[in-house]
Structures are given as C-alpha cells and as structure tokens.
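Worksheet: one structure, shown below.
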Amino acid sequence: MKRERRLLGITGDDRIVVGVLYRGNLWFESLDVKCLEKHFMRVKELIEPKYLEQARIILLDEAFLKHYDIKKRKKLLASLRKPIVIIKENGQFDVHGYSEGINNLYLRGEVPEALRIARKIFYEARGIVRELEKR
C-alpha cells in the first residue's frame, strides 16, 4: 500500500458521526461531523461523507457499528463498495474486501491516524452535545 493512500476513519454513536479523511497517516485532508436523530436518516446516508469517493480504504470503529443491528451493518458494508477495516476495541481488526497492504495502516501506534483523530473529535462533539442538552 502506498503511504499516501487516502484513508477515511469513521466513528460515532447513534447521534453523532465523525468522518476524517487522511492521506496515509501523514496528512489531514477533510472532516465531516454530523449531529442527528438517527431515525431520520438511512444508515448509508449517516456515514456517507461528501468525500467518500476519495477514500481508498474505510476504517470503521467497531464501537460505532454496535449502535446498529446486524442486518443494517451488513447492508451498510455492502453499500460502501470500498475495502473496509473494522478496528476492534482490543486493537485487532477485520478486513472486508481487498486487503493487500492493510498491515501498513499501523504506522503510528495501535490505531490508524484517521480513526484516532476521528475518535478525538467525536468525544469532543459528544461532550458539547451533552452540555447543550443539560441547558
């Protein structure tokens, strides 16, 4: 895998979805944050950022997928038409689709940079939403 390949990291929960596009593990390119009521959107619309077509590999956080039932998960993965890596909570990963070069995703630490940054932004956004709900 080329180091410059665009990786789309997606994480979130049932109300907030964050997508971060990185070129390899080196260059941040795009950010997409959605705050929503999930029953108003189809699952594909939920995680389909405007730059999905630019991504060569999609990194999905396993914790994000746990918010959707099995049938929706399978439909979601099939609809993306990209190689998908599901990063598990224990640091391991499952690959769906083309898998050549997947091991090179781990250039810095245990989690690819695109997903690491997406998680940071998600936790911040979730904190802001919770604070606003208290008011």
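Heads up: the sequence shown runs through residues -3 to 131, numbered per our numbering.
Note that beta-carbon positions come from the ideal geometry of N, C-alpha and C, so glycine has one too.
Residue i (DSSP reduced to helix, strand or coil)
{"i": "Met(-3)", "result": "Reliability of the predicted coordinates at Met(-3) is poor, the pLDDT of 47 falling under 50, and no value is obtained from them."}
{"i": "Leu22", "result": "coil"}
{"i": "Gly123", "result": "helix"}
{"i": "Arg69", "result": "helix"}
{"i": "Lys78", "result": "coil"}
{"i": "Lys130", "result": "helix"}
{"i": "Arg115", "result": "helix"}
{"i": "Leu48", "result": "helix"}
{"i": "Leu61", "result": "helix"}
8 angstroms Cβ cutoff met for residue i and residue j
{"i": "Ala74", "j": "Thr7", "result": "no"}
{"i": "Gly5", "j": "Val13", "result": "no"}
{"i": "Lys84", "j": "Glu120", "result": "no"}
{"i": "Arg2", "j": "Arg52", "result": "yes"}
{"i": "Val81", "j": "Leu48", "result": "no"}
{"i": "Gly93", "j": "Pro108", "result": "no"}
Assigned exposure category for residue i - 16 Cβ within 10 Å defines buried
{"i": "Val125", "result": "exposed"}
{"i": "Phe60", "result": "buried"}
{"i": "Arg112", "result": "buried"}
{"i": "Glu175", "result": "The chain is shown from -3 up to 131; residue 175 falls before or after that span and cannot be answered."}
{"i": "Asp28", "result": "buried"}
{"i": "Phe118", "result": "buried"}
Sequence-distant residues of the same chain with beta carbon closer than 7 angstroms to residue i, five excluded per side
{"i": "Phe89", "result": "Val81, Ile82, Ile83"}
{"i": "Glu106", "result": "Gly87"}
6 angstroms Cβ shell around residue i - same chain, five flanking residues per side excluded
{"i": "Arg19", "result": "Glu0, Arg2, Glu25"}
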